[in-house]
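According to our numbering, the sequence shown is numbered sequentially starting from 34.
Using N, Cα and C, we set each Cβ at its ideal position, and we do this for glycine too.
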Amino acid sequence: MEYTDPTEEREPVDNRPNFGQLPGLVEILFVIFLVIILGWGGSQIAQMIARSSGQDLETLLKTLGENNTLGNRNLVRFANLAVHFMSFTLPCLLLAIFIRRNKWYEYLSLNVKPEPRILALASVLIFVAMPFTSLIYWINMQIPLPEWATSLEQGAEEMINALLTMDSPAELLFNLLIIAIVPAIGEELLFRGVFQKVLTRSLRNEHTAIWVTAFLFSMMHMQFEGFFPRFLLGAILGYLFSWSRNLWVPITAHLVFNGIQVILKYFAGGLMENMEAGSVDKPPWFLGIISLIFTIALALHIKRALKKEDTV
Numbered sequence: 034m035e036y037t038d039p040t041e042e043r044e045p046v047d048n049r050p051n052f053g054q055l056p057g058l059v060e061i062l063f064v065i066f067l068v069i070i071l072g073w074g075g076s077q078i079a080q081m082i083a084r085s086s087g088q089d090l091e092t093l094l095k096t097l098g099e100n101n102t103l104g105n106r107n108l109v110r111f112a113n114l115a116v117h118f119m120s121f122t123l124p125c126l127l128l129a130i131f132i133r134r135n136k137w138y139e140y141l142s143l144n145v146k147p148e149p150r151i152l153a154l155a156s157v158l159i160f161v162a163m164p165f166t167s168l169i170y171w172i173n174m175q176i177p178l179p180e181w182a183t184s185l186e187q188g189a190e191e192m193i194n195a196l197l198t199m200d201s202p203a204e205l206l207f208n209l210l211i212i213a214i215v216p217a218i219g220e221e222l223l224f225r226g227v228f229q230k231v232l233t234r235s236l237r238n239e240h241t242a243i244w245v246t247a248f249l250f251s252m253m254h255m256q257f258e259g260f261f262p263r264f265l266l267g268a269i270l271g272y273l274f275s276w277s278r279n280l281w282v283p284i285t286a287h288l289v290f291n292g293i294q295v296i297l298k299y300f301a302g303g304l305m306e307n308m309e310a311g312s313v314d315k316p317p318w319f320l321g322i323i324s325l326i327f328t329i330a331l332a333l334h335i336k337r338a339l340k341k342e343d344t345v
């Protein structure tokens with residue numbers, strides 16, 4: 034029999050349950066539960082913000098086009114910020130803390146500092162892909178929508194156009210926060226940081242997980258005229274995450290994609306309005322094809338660069 038000294042110091046035993054190996058379905062159902070509960074909480078906060086103007090949120094949104102004042106715009110921005118943070122960012126953080134405790138950032142793949150060169154390449158990839166996604170967007174717009182979907186699109190477009198009214202650099206910075214930075218972080222945490230990772234583990238097929246996640250990502254926005262270009266964007270972001278294993282890479286690319294549109298609206302608002310009014314013809318198909326070729330080439334270059342980093 035082995036002798037054990039009772040006075041010998043022993044390492045403390047952590048008797049807390051380990052949730053690091055939760056089944057994928059349980060993780061997804063748990064985060065969806067958090068999204069629903071916390072999203073509802075965010076909507077209540079948004080209602081409180083709207084009521085400071087003497088009206089409820091629905092009325093404020095409906096009349097924003099007519100009463101497009103700085104005060105009303107900022108109320109909607111703060112309401113949007115509350116809903117988005119509570120619906121996307123907070124549920125993912127709580128899930129990660131529940132599963133990995135103080136190493137939550139590892140669960141969400143936020144623990145590695147990204148190479149600036151890779152972030153730059155990912156940003157350039159978004160620029161290069163834009164002519165092709167613009168062509169796909171034009172094709173998407175030719176698909177007739179049912180009346181209920183058209184009404185939904187018009188309501189969303191009116192609200193976005195009102196929010197994108199920017200009369201000062203301060204409004205530009207505020208919009209970059211709520212339209213570019215916060216959505217890039219929150220949506221990437223949920224879709225690439227949780228859904229894609231869990232689906233990859235459950236389906237054991239990374240490509241299927243990427244495209245299923247991209248589909249869910251596009252569906253979530255509930256804007257059908259932009260479904261297919263957003264679907265492709267989701268796939269690009271998914272592959273960037275798959276190759277890098279670092280969520281900061283798709284977050285940066287997503288931020289660039291959203292930020293470009295806000296900045297263009299601020300500095301070239303007239304051109305954007307003409308495009309929205311339909312005065313611009315179909316984008317040149319050859320430009321879209323060239324964009325697709327360069328997008329694939331640059332994506333493969335990024336993949337090779339990341340693979341080379343892993344072997345060093």
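Along the chain, where does the alpha helix (DSSP H) that runs through ALA252 open and close? For this step, residue 252 is matched to residue 219 along the sequence shown. The displayed chain sequence assigns Met, not Ala, to residue 252. Its alpha helix (DSSP H) spans residues 239 to 253.
In whole angstroms, what separates the C-alpha of VAL161 from that of THR328? Numbered from its first residue, the sequence shown carries residue 161 at position 128. Numbered from its first residue, the sequence shown carries residue 328 at position 295. VAL161 and THR328: Cα-Cα distance of roughly 6 Å.
Below 7 Å CB to CB, which residues in the same chain sit around LEU127 once its five sequence neighbours on both sides are set aside? Residue 127 sits at position 94 when you count from the first residue of the sequence shown. Closer than 7 Å at Cβ, skipping near neighbours: LEU67.
From ALA182, GLN187 and THR285, residue whose alpha carbon lies closest to that of ALA213: Locating residue 213 in the sequence shown gives position 180, where the first residue counts as 1. Selected option, being the one with the closest Cα: THR285.
Determine the burial state of LEU223: buried for a count of at least 16 other Cβ atoms within 10 Å of its Cβ, exposed for fewer. Locating residue 223 in the sequence shown gives position 190, counting from the first residue. LEU223 should be labelled buried.
How is ILE335 classed by DSSP in three states: helix, strand or coil? Taking the first residue of the sequence shown as 1, we reach residue 335 at position 302. The answer is helix: DSSP assigns ILE335 an H, G or I state.
So which of SER156, ASN107 and ALA83 has the shortest CA-CA distance to TRP281? Position 248 of the sequence shown, counted from the start, is the residue given in the question as residue 281. The shortest C-alpha separation from TRP281 is found at SER156.
Let me confirm a value: PHE300 is counted as buried when at least 16 other C-beta atoms fall within 10 Å, else exposed. Which label applies? Along the sequence shown, one-based indexing puts residue 300 at 267. So PHE300 counts as exposed.
If you drop the 5 nearest sequence neighbours on each side, which residues of the same chain put their C-beta closer than 8 Å to that of PHE167? Here residue 167 is taken as the residue at index 134 of the sequence shown, counted from 1. In the sequence under discussion, the amino acid at residue 167 is Ser, which differs from the Phe named in the question. Same-chain partners within the cutoff: PRO262, PRO316 and GLY321.
Applying the 10 Å Cβ sphere with the 16-neighbour rule, what's the burial state of HIS240? Start at 1 with the first residue of the sequence shown, and residue 240 comes out as number 207. It counts as exposed.
Using the C-alpha atoms, what's the distance from ILE130 back to MET6? In the structure as shown, the chain starts at 34 and stops at 345, and residue 6 therefore has no counterpart that could be examined.
Just mark PRO283 as buried or exposed, buried being the case when its beta carbon has 16 or more other beta carbons within 10 Å. Indexing the sequence shown from 1 puts residue 283 at position 250. Flag for PRO283 reads buried.
Nearest to ALA79 by CA position, among LEU90, GLY302 and ALA332, is which residue? Here the question's residue 79 lines up with position 46 in the sequence shown. Nearest C-alpha to ALA79: LEU90.
Are LEU94 and GLY188 touching if we call contact CB-CB under 9 Å? Working through the sequence shown from its first residue, we reach residue 94 at position 61. Working through the sequence shown from its first residue, we reach residue 188 at position 155. Yes, they are a contact pair.
Applying the criterion that 16 or more other CB atoms from any shown protein chain within 10 Å of the CB defines a buried residue, is GLU221 buried or exposed? What you label residue 221 is simply residue 188 of the sequence shown in a count that begins at 1. Answer is buried; the Cβ neighbour count reaches 16.
Nearest residue (CA-CA) to GLY75, options ASN101, ALA203, GLU258 and PRO124: For the purposes of this step, residue 75 is taken as residue 42 along the sequence shown, with counting starting at 1. For GLY75, the nearest C-alpha among the options comes from PRO124.
Taking only runs of the alpha helix (DSSP H) that begin and end inside the region 268 to 308, which ones reach a length of at least 4 residues, in chain order? 281 to 300
Rounded to a whole number of angstroms, what is the C-alpha to C-alpha distance between TYR357 and GLU99? Nothing in the structure corresponds to residue 357, since the chain is present only between 34 and 345.
Three-state secondary structure (DSSP) of VAL215: Walking along the sequence shown from the start, residue 215 turns up at place 182. It is helical.
Chain-order list of residues whose beta-carbon lies under 8 Å from that of ARG110 (same chain, five-residue window excluded): Translated into the one-based positions of the sequence shown, residue 110 becomes position 77. Once the five neighbours on either side are set aside, the close Cβ partners of ARG110 are LEU196, PHE207, ASN208 and ILE211.
Just to confirm, are SER277 and ILE151 a CB contact at a threshold of 9 Å? Taking the first residue of the sequence shown as position 1, residue 277 is located at position 244. Taking the first residue of the sequence shown as position 1, residue 151 is located at position 118. Result yes, Cβ atoms of SER277 and ILE151 sit closer than 9 Å.
Since LYS146 is in the alpha helix (DSSP H), which residue starts that stretch and which ends it? Here residue 146 refers to the residue found at position 113 of the sequence shown. Taken as a continuous stretch (DSSP letters only), LYS146 belongs to no alpha helix (DSSP H), as it is neither H nor E.
Assumed close pair PHE250, GLY267 - CB separation to whole angstroms, cut-off 8 Å: By one-based count along the sequence shown, residue 250 stands at place 217. By one-based count along the sequence shown, residue 267 stands at place 234. About 4 Å; that satisfies the 8 Å criterion.
Output needed for HIS334: all residues of its chain with C-beta closer than 6 Å, excluding positions within five of it in sequence on either side, in chain order. Residue numbering aside, residue 334 sits at position 301 when the sequence shown is read from its first letter. Shown here for HIS334: not one same chain residue has a beta carbon closer than 6 Å to its own, the five before and five after excluded.
Relative to the alpha-carbon of MET163, which residue among LYS340, ILE326 and GLY302 has its alpha-carbon at the smallest distance? The residue given as residue 163 occupies position 130 in the sequence shown. Comparing Cα positions, the closest option is ILE326.
Compute the beta-carbon to beta-carbon distance between VAL231 and GLU60, rounded to the nearest angstrom, for a pair I have assumed lies under 8 Å. In the sequence shown, the residue the question calls residue 231 occupies position 198. In the sequence shown, the residue the question calls residue 60 occupies position 27. In this structure VAL231 is in contact with GLU60, their Cβ atoms being roughly 5 Å apart against a cut-off of 8 Å.
Take SER312 and list the residues in its own chain whose beta-carbon comes closer than 7 Å to its own, dropping the five residues that flank it on each side. Working through the sequence shown from its first residue, we reach residue 312 at position 279. Low per-residue confidence applies at SER312: pLDDT is 45, beneath 50, and the placement is therefore not dependable, though the value from the model is reported in the following sentence. The answer is none, since no qualifying residue turns up.
Contact under 9 Å by Cβ, VAL227 with LEU141: Numbered from its first residue, the sequence shown carries residue 227 at position 194. Numbered from its first residue, the sequence shown carries residue 141 at position 108. Yes, Cβ-Cβ distance for VAL227 and LEU141 is below 9 Å.
Let's see if you can read the secondary structure: which residues bound the alpha helix (DSSP H) around GLU8? No information on residue 8 is available, as it lies outside the stretch 34 to 345 that the chain covers here.
Given VAL116, which residues of its chain have a CB within under 8 Å of its CB, disregarding the five upstream and five downstream residues? Translated into positions along the sequence shown, residue 116 becomes position 83. Excluding residues within five positions, the ones whose Cβ falls inside 8 Å are GLY72, GLY75, SER76, ILE78 and ALA79.
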